[in-house]
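Protein chains in written order, with this note's numbering: chain A, -14 to 323; chain B, -14 to 323; chain C, 7 to 219; chain D, 7 to 219. Some notes on the structure that comes next.
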Ligand SMILES: Nc1ncnc2c1ncn2[C@@H]1O[C@H](COP(=O)(O)OP(=O)(O)O)[C@@H](O)[C@H]1O
Ligand SMILES: Nc1ncnc2c1ncn2[C@@H]1O[C@H](COP(=O)(O)OP(=O)(O)O)[C@@H](O)[C@H]1O
Ligand SMILES: [Mg+2]
Ligand SMILES: [Mg+2]
Ligand SMILES: [Mg+2]
Ligand SMILES: [Mg+2]
């Protein structure tokens, strides 16, 4: 394993220490070492925005702690849901009395731990409402949307929910827009190589050279099919063809488009993909209101990429456009000069 | 080659098209397809900041076009210097009449092409002054600093020079601070795997499993030595031990610390490295004034990392702290709430 | 009437930890065949931490409370909350009892099962630890109704657990990670079903060994 | 007095392109041994583009101007500016000449060499294309001083270029990428020295073949 690791059992602890040291203006520790919070949280009167998940997806989840984004994060082992206690402590770290919006992804472990954590918080009188991201189209058919995984669309859910909370909206409103965001969002991933969890030390699945896994999950979960590796333009088409009919996105729609690398993909190639994706969307009558291209939600050092589209109306646009500051997503207000 | 590529000869063109589509507020095309400019450039009365280099180092170089940063970039093939014409056209795109600061890295091709481009610009009456980054410690001994390569320290040179130009400083002042920035900067890289140029289709060098290349260059140039792969903490120590004595950095110094991945390294592991680097610097009496951890200057999908330190005084601190907006580096002004 | 003395509560956890740690590699191997191969690591990490936190004077309820809280607090994934709830609900069902009698243990088992089912929403036949736990609880309850002695009821519970575990071999997973494999999950014993048998078997042995009266 | 007719300027470029493209793989292979293996690709891309831009009516100066500008405009790296300058300075040295005589070619060669040396700052023995170009120019100048005919001087130039190329085999690179290899660069012919011989050899052949008078 050609990697920067000390004790493979301690990668999460050491990473978290590094995060706290590197971003004192954004990230602060809490009494639970598996919970980090936005340095300014909790903010009086503001709904607390919480998320959590396994490690190995940087910038997700810790990287979205910050200004107009997430207030507290529960941190799990690599590719493992955080504990119920961690979610509960994250709720406490984020709550100012205005309640907590827990915006997380649809995985068995996370569902169970959040459920328990909510029960614990209820006893303390902390109101916690949840939105469960399930934007990953290939993980279940449309009539079983409840089974679909949450993937990179979570970033847009946090952006929208975080912005709404920052505006001072009450909990129900924050939940409404976050749910609306994810309901308008669809994603698909393509994997070209597997990745290696440090504690395991060998790739956790296989993709043959010359093949690719269409619909891969963020932990290497099998997708829809394994096909021959195709040129970037054809992969772009495959992704667009999977995502568009599902919402469905229709001609005339405006969308936020997020193309994220899965870890090892050269950023150059994400722009090659985006170049074609934008053209395909334009050909389908869709206008990209705001693109995000980069490593927003990764799977260690997997070679691969995800495409996420969110259909936006005026409400979602305004929330997406709001200034934000975090390690993983920084967005300055619009300047007059351009 | 498990990668997102169409015609390997067209990766640069397609990437540039993607960049222009994805960042209309930051990046604009110019008549020369190998030159992109900041959408707001040239700005009346402001010194134009120009850089350029081979492709495959994203976010460098195009990703640093933007607000308070770089005004125009000359773009080369993967790992190849841009042409003289591209540098010349970049000078023209950036110049508002206040002259151009060309801040680039020390490579044979870039030196030759910039030299020719300056001659061409001179004939047009455009004043171009240069700063040649040579922050890479392992590439030559201290008494041959002029032979050293420019690596991730270039990002700090652009940050400082771009900020000074944005303040309305005259060309000589912009050059002075950019030169001061790079003179106070030292870097080292460690490579764990090679990378593959799409047009070549096979790794451009070899690193045996269980080994690492200490002092590797951004194109896989051989370093000081090939040693057994060590735990992250020991690699951190190796890097710090190479960088500190060279300036030298002394107890009591304040530094900007930049830890950049070379492409495939999981961000988690960059923070594991930073966690130890910060501790080692503290033990040496150095205070990290501002850390940057992320993929700031990469080498396609190489597994590896670089450490860059810049010793800062009040002047450099103020310039480093300035707001900036680009694809590769976004920095919001300090908020009162934290 | 047979009783398990509250003063020997700590033995339950000590034996559980020894059992789990001895079988950690086996559990991970089972999980690796269809899941992500971390079941043994997760379990032995969580149980080991609980042992470190053990108050040696605690009664049965206190010991199971420590175990449940540790699993809930430290082990994420699906197992932390499921087994955490199992032990916490067992603990609640014997809180305040100086010693454990057959009826109390029956109530504990019922409470643990209910907790896991309520939280996880899985059913018998889904190829999970419930395929061990459900028949084990049913067998124990039946034995009690028949009036068999505590020790004998515990033995029947353990045997039913073992049979339940073995029955998962031919099942197709309908929940959790392995469920995405569909038919490919058949032919492997479920890791959680295996660990659940180890847990129930270990508890039965400790209790039987410690019964007085 | 022998003259190369300006009207045949385009032939120079056509022959050059054919030569470079025929040898592209060989040049890349040489570069690959110690450099980054792109020399043949770079060269044939640049020369090929120049041919597309060729104005078939251009005189020698015009043709070399197109070639130089294309290399400077399109080919980055070290070769674009070096060969770009070489051909542009040659073009400048024969601007306005209807036809090329031996003295004019001598001036062109001198100008090209000076341009490359001035720009690149390399010296004889550094294991670069200069180790081909310097002896070739010297030999041509000496031949002219001796008063040998144009065709014969061109042949001597080409022979000296070939010998210069071969001499790089035993040199240690002191400039460019290969220089970081030190002693490991010995035993390989320098790629630029090889392409420079191909260029000078091709030009000599074209000129000799086209001489009139
Ligand atoms: N909803 C559920 N109810 C009961 N048991 C479950 C449920 N989901 C998963 N399991 C059990 O969890 C086991 C896997 O545990 P483990 O490997 O520790 O967690 P993970 O799946 O998060 O890696 C499965 O073998 C199965 O028995
Ligand atoms: N300063 C210089 N002066 C003359 N020739 C040089 C100089 N630097 C490099 N060269 C020549 O350039 C050749 C390499 O060209 P090429 O492979 O096209 O460029 P790059 O090194 O950028 O990949 C070397 O073989 C050498 O002959
Ligand atoms: Mg797991
Ligand atoms: Mg090259
Ligand atoms: Mg598992
Ligand atoms: Mg080369």
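We put the beta carbon where it would ideally sit given N, CA and C, even for glycine.
Take residue 277(A), set aside five residues on each side of it, and the residues of its chain with a beta-carbon closer than 6 Å to its own are 243, in chain order. Around the beta carbon of residue 175(D), fewer than 16 other beta carbons lie within 10 angstroms, which makes this residue exposed. Proximity of the region 157 to 167 of chain B to the region 196 to 207 of chain B falls short of the contact definition, fewer than three beta-carbon pairs being nearer than 8 Å. Apart from the 5 residues on each side of it in sequence, residue 36(D) sits with its Cβ closer than 6 Å to the Cβ of 195, 197, 200 in its chain, given in chain order.
For residue 125(C), the closest Cβ of chain A is nearer than 7 Å.
Closer than 7 Å to the CB of residue 73(C) there is not a single CB belonging to chain A. No Cβ-Cβ contact shorter than 7 Å links residue 257(A) with residue 122(A). When secondary structure is reduced to three states using DSSP, residue 21(A) falls in the strand class. Chain-ordered, the residues whose CB falls short of 5 Å from any heavy atom of ligand 3 come out as 65(A), 42(C), 44(C), 83(C).
Distances from the CB of residue 196(D) to the heavy atoms of ligand 6 are all 6 Å or more.
Shortest Cα-Cα distance from residue 131(C) to any of 168(C), 179(C), 118(C), 93(C) involves 179(C).
What residue 245(B) touches in chain A, judged by beta-carbon distance under 9 Å, is nothing: the nearest beta carbon there is about 12 Å away. Not flagged as an interface residue toward chain A: residue 227(B), since no C-beta distance is shorter than 7 Å. Apart from sequence neighbours up to five positions away, the residues of its chain that approach residue 63(B) with a beta-carbon distance below 8 Å are -4, -3, 39, 40, 41, 182, 183, 184, 285, ordered along the chain. If you look at residue 114(A), you'll find it in the beta strand (DSSP E) that goes 113 to 118. Contact between residue 138(D) and residue 171(D) holds: their C-beta atoms lie close to 5 Å from each other, under 8 Å. In the structure shown, the three-state DSSP call for residue 9(C) is strand.
Proximity of residue 101(A) to chain C, defined by a Cβ-Cβ separation below 7 Å, is satisfied. Shown here for residue 275(A): same chain residues with a beta carbon closer than 7 Å to its own, the five before and five after excluded, namely 241, 305 in chain order. Among the residues of chain D, those whose CB is under 7 Å from the CB of residue 61(B) are 82, following chain order.
Using a CB distance cut-off of 7 Å, residue 78(C) counts as an interface residue toward chain A. By the Cβ-count criterion, residue 3(A) is buried, with 16 or more other Cβ atoms from all chains shown falling within 10 Å of its own Cβ. Residue environment for residue 145(C): buried (at least 16 other C-beta atoms within 10 angstroms of its C-beta). For residue 66(B), the three-state secondary structure derived from DSSP is coil. Residue range 197 to 216 is occupied by the alpha helix (DSSP H) that includes residue 202(C). Assignment of residue 51(D) by DSSP, reduced to helix, strand and coil, places it in the helix class. Closer than 8 Å at the C-beta level to chain B, one finds these residues of the region 34 to 68 of chain D: 42, 43, 44, 47, 48. For residue -1(A), the C-beta contacts it makes with chain B under 7 Å involve 257, 260, in order along the chain. With its beta carbon at least 7 Å from every one in chain A, residue 213(B) lies outside the interface. Taking the C-beta atoms as reference points, residue 97(A) is found no nearer than 7 Å to residue 311(A). A direct Cα-Cα distance of roughly 55 Å separates residue 84(C) from residue 117(B). In the pairwise beta carbon analysis, the region 208 to 216 of chain C is classified as not touching the region 14 to 33 of chain D: fewer than three pairs are separated by under 8 Å. By the Cβ neighbour-count rule, residue 91(A) is buried, with 16 or more other Cβ atoms within 10 Å of its own. Set against 6 Å, the gap from the CB of residue 175(D) to the closest heavy atom of ligand 2 is not smaller.
The Cβ of residue 70(A) sits closer than 7 Å to at least one Cβ of chain C.
Residue 15(B) sits away from residue 89(B), with the two beta carbons spaced by 7 Å or more.
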